[in-house]
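Student: With UniProt numbering applied, the sequence shown covers 1 to 294. This is the structure I want to talk about, given as structure tokens.
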Amino acid sequence: MKIYANAKVNLALDVVRRRADGYHELDMVMAPLSLKDTIDITPNGADTDRITCDAPLPETNTVTKAMAILREEASCQGRTIGGYDIHITKRIPEQAGLAGGSADAAAVIKAVNRLEGLGLGEERLYELGTRVGADVPFCIAGRTSRVRGIGELIRPIDTDWGFDLLLVKPEAGVSTPEAFARWEETETGLHDIDLVEEALHKHNAELLLSTMVNSLEPAAMALVPELEQLREEMTELGLVRVMMTGSGSAMMGFSVDQEVLENAALMLRHRHPFVQVVHAGAPAESGSAGSGRE
Ligand code: C5P
1 MKIYANAKVN
11 LALDVVRRRA
21 DGYHELDMVM
31 APLSLKDTID
41 ITPNGADTDR
51 ITCDAPLPET
61 NTVTKAMAIL
71 REEASCQGRT
81 IGGYDIHITK
91 RIPEQAGLAG
101 GSADAAAVIK
111 AVNRLEGLGL
121 GEERLYELGT
131 RVGADVPFCI
141 AGRTSRVRGI
151 GELIRPIDTD
161 WGFDLLLVKP
171 EAGVSTPEAF
181 ARWEETETGL
191 HDIDLVEEAL
201 HKHNAELLLS
211 TMVNSLEPAA
221 MALVPELEQL
231 REEMTELGLV
241 RVMMTGSGSA
251 MMGFSVDQEV
261 LENAALMLRH
271 RHPFVQVVHA
281 GAPAESGSAG
291 SGRE
């Protein structure tokens, strides 16, 4: 079975506070992207999984973690999950703030729930997903949402607005724990994320552009100073707002003029490893067993 794992961007990311367990409570607006990995997943008749990828895969990857958590959950139902062959075709860059690893885990969790007939509801899937990574619940939901807690509290936003944006990932990546660790030093106070939601309800581009915020941006810029230069490059090419997504290092640039986006992509393509115009806001696709399209 072929399934899809869509990336995300943060149209807002506000850090509310550091919790006693070291995680950070967040207030976010996330939107799914057209950019996606493709995963082939098939039962292999063996006891163990064979997980492969067309890019280097860390030994403890999100898919391995997701399978372990699903097996634990199945065993609580008195059931056993056999081995799977899982092949990932990677298109989402890593250490980018695009939830590449989380998207893969989310797609696998949803697929195995269906294939094994585990009957787990959305909320239970979010709980299991949170144990793999904080962005996994949003990737399971797969539609523009207000996201709170550490990422497990999902409320879909009633909007069908979608738009293109330019995504640029420079050579350097940002480690998520390091960005969070620097947040306190660079803190700028709380922002009104309700306004971002209001902008999405009203299809109000001006309001959206003026209220989008990422509280981790100063921390990431301190870790990777060339991000400031990338912002300048993108701004010079006519993008009206340039902001980092998640904990970086991908930057997104906005314009209502498609030509500006395409021209900026053309100019930046030779200078950075990942440059693409992508669509944000359309609900993520599930794959051959879901209701999506390729
Ligand atoms: O859950 P995930 O693996 O994506 O998180 C990576 C790291 O980022 C965590 O170990 C934690 O240091 C930090 N983090 C955080 N607060 C969040 C999400 C992540 O502090 N809400």
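Glycine included, every Cβ here is placed at the ideal spot set by N, Cα and C. All values derive from a computational prediction rather than experimental measurement.
What separation, rounded to the nearest whole angstrom, lies between the Cα atoms of methionine 1 and glutamine 229?
Tutor: As a working mapping, residue 1 is identified with position 1 in the sequence shown. As a working mapping, residue 229 is identified with position 229 in the sequence shown. If I take the Cα positions, the gap works out to 43 Å.
Student: So if DSSP puts valine 242 in a beta bridge, which residue, or which two residues, is it bridged to?
Tutor: Working through the sequence shown from its first residue, we reach residue 242 at position 242. Bridge partners of valine 242: Gly253.
Student: At a cut-off of 8 Å, is tyrosine 126 close to the ligand C5P when judged by its beta-carbon and the heavy atoms of the ligand?
Tutor: The sequence position of residue 126 within the sequence shown is 126, counting from 1. Result no, Cβ not under 8 Å from the ligand C5P.
Student: What separation, rounded to the nearest whole angstrom, lies between the Cα atoms of asparagine 263 and histidine 279?
Tutor: Within the sequence shown, the letter at position 263 stands for residue 263. Within the sequence shown, the letter at position 279 stands for residue 279. Spanning the two alpha carbons is a distance of roughly 16 Å.
Student: How is asparagine 61 classed by DSSP in three states: helix, strand or coil?
Tutor: The residue given as residue 61 occupies position 61 in the sequence shown. The answer is coil: DSSP assigns asparagine 61 none of H, G, I, E or B.
Student: I'd like to check one pair, valine 277 with leucine 166: are the Cβ atoms closer than 9 Å?
Tutor: For the purposes of this step, residue 166 is taken as residue 166 along the sequence shown, with counting starting at 1. For the purposes of this step, residue 277 is taken as residue 277 along the sequence shown, with counting starting at 1. Contact flag set, yes.
Student: Would you mind working out which of Val112, Leu98 and Asp54 sits nearest threonine 42, comparing C-alpha positions?
Tutor: Along the sequence shown, one-based indexing puts residue 42 at 42. With distances taken between Cα atoms, threonine 42 lies closest to Val112.
Student: Roughly how many angstroms separate the alpha carbons of leucine 216 and alanine 250, rounded to a whole number?
Tutor: Numbered from its first residue, the sequence shown carries residue 216 at position 216. Numbered from its first residue, the sequence shown carries residue 250 at position 250. Near 12 Å, if we compare the C-alpha coordinates of alanine 250 and leucine 216.
Student: Just mark cysteine 76 as buried or exposed, buried being the case when its beta carbon has 16 or more other beta carbons within 10 Å.
Tutor: Within the sequence shown, residue 76 is the residue found at index 76, counting from 1. Under this definition cysteine 76 is an exposed residue.
Student: Can you give me the C-alpha to C-alpha distance between histidine 24 and phenylalanine 163, rounded to a whole angstrom?
Tutor: Taking the sequence shown and counting its residues from 1, the one referred to as residue 24 is at position 24. Taking the sequence shown and counting its residues from 1, the one referred to as residue 163 is at position 163. Those two C-alpha atoms are separated by around 29 Å.
Student: Assuming contact is defined by CB atoms lying nearer than 9 Å, are isoleucine 157 and valine 256 in contact in what I supplied?
Tutor: Counting from 1 along the sequence shown, the entry for residue 157 is found at position 157. Counting from 1 along the sequence shown, the entry for residue 256 is found at position 256. Contact: no.
Student: Kindly list the residues whose CB is nearer than 6 Å to the CB of glycine 238, restricted to its own chain and excluding five residues on each side of it in sequence; keep chain order.
Tutor: Within the sequence shown, the letter at position 238 stands for residue 238. Only Val260 meet the Cβ criterion.
Student: If we call anything under 9 Å between Cβ atoms a contact, is serine 102 one with aspartate 135?
Tutor: Position 102 of the sequence shown, counted from the start, is the residue given in the question as residue 102. Position 135 of the sequence shown, counted from the start, is the residue given in the question as residue 135. Cβ atoms of serine 102 and aspartate 135: closer than 9 Å.
Student: Go to histidine 270, then tell me how far its beta strand (DSSP E) extends in each direction, as first and last residue.
Tutor: Against the sequence shown, residue 270 aligns to sequence position 270. Taken as a continuous stretch (DSSP letters only), histidine 270 belongs to no beta strand (DSSP E), as it is neither H nor E.
Student: Based on DSSP bridge pairs, tell me the residues matched to serine 145.
Tutor: Taking the sequence shown and counting its residues from 1, one reaches residue 145 at position 145. Paired residues: Met30 and Pro156.
Student: Is it the case that the segment 203–219 contacts the segment 52–72, given that we only count it when at least three CB pairs across the two stretches are under 8 Å?
Tutor: Touching, no, given that fewer than three Cβ pairs across the two stretches are closer than 8 Å.
Student: Under the three-state reduction of DSSP, which class applies to valine 168: helix, strand or coil?
Tutor: By one-based count along the sequence shown, residue 168 stands at place 168. Correct three-state label for valine 168: strand.
Student: Between the Cα of valine 174 and the Cα atoms of Glu59, Gly246 and Leu11, which residue gives the shortest distance?
Tutor: Within the sequence shown, numbered from 1, the residue matching residue 174 stands at position 174. Nearest C-alpha to valine 174: Gly246.
Student: Helix, strand or coil: how does DSSP classify valine 224 here?
Tutor: Counting from one through the sequence shown, the residue named residue 224 turns up at place 224. It is coil, neither helix nor strand.
Student: Thinking just about the alpha-carbon of each residue, which of Gly281, Leu208 and Ala5 is nearest to the one in valine 100?
Tutor: Here the question's residue 100 lines up with position 100 in the sequence shown. According to the sequence shown, residue 100 is glycine rather than valine. It is Ala5 whose Cα lies nearest to the Cα of glycine 100.
Student: For valine 9 versus methionine 252, is the C-beta distance shorter than 9 Å?
Tutor: Position 9 of the sequence shown holds residue 9. Position 252 of the sequence shown holds residue 252. For valine 9 and methionine 252, yes; Cβs fall inside 9 Å.
Student: Just how far apart, CA to CA, sit lysine 36 and isoleucine 92?
Tutor: The residue given as residue 36 occupies position 36 in the sequence shown. The residue given as residue 92 occupies position 92 in the sequence shown. So the alpha carbons of these two residues sit roughly 6 Å apart.
Student: So, using beta-carbon positions, are glutamate 73 and leucine 128 closer together than 9 Å?
Tutor: Along the sequence shown, read from residue 1 onward, the residue named residue 73 stands at position 73. Along the sequence shown, read from residue 1 onward, the residue named residue 128 stands at position 128. Cβ distance < 9 Å, so glutamate 73 and leucine 128 count as in contact.
Student: I'd like to confirm something about tyrosine 4: is its beta-carbon nearer than 8 Å to some heavy atom of the ligand C5P, or not?
Tutor: Residue 4 sits at position 4 when you count from the first residue of the sequence shown. It does not: the Cβ of tyrosine 4 is nowhere closer than 8 Å to a heavy atom of the ligand C5P.
Student: In three-state terms, what does DSSP make of aspartate 194?
Tutor: In the sequence shown, the residue the question calls residue 194 occupies position 194. Helix, per DSSP.
Student: By a C-beta neighbour count over all protein chains shown, 10 Å radius and 16 as the cutoff for buried, is alanine 284 buried or exposed?
Tutor: Position 284 of the sequence shown holds residue 284. Its Cβ being crowded by 16 or more others within 10 Å, alanine 284 is buried.
Student: Using DSSP bridges, identify the partner residues of valine 15.
Tutor: Here residue 15 refers to the residue found at position 15 of the sequence shown. Note: valine 15 sits in a beta bridge opposite Leu26.
Student: Does the separation of the CB atoms of residue 298 and histidine 272 fall below 9 Å?
Tutor: Because the chain spans 1 through 294 in this model, residue 298 falls outside it and cannot be assessed.
Student: Got a sec? Which residues, its chain only, sit under 7 Å from phenylalanine 254 by beta carbon, not counting five neighbours each side?
Tutor: For the purposes of this step, residue 254 is taken as residue 254 along the sequence shown, with counting starting at 1. Cβ neighbours of phenylalanine 254 beyond the five flanking positions: Leu165, Leu209, Leu239, Val240 and Arg241.
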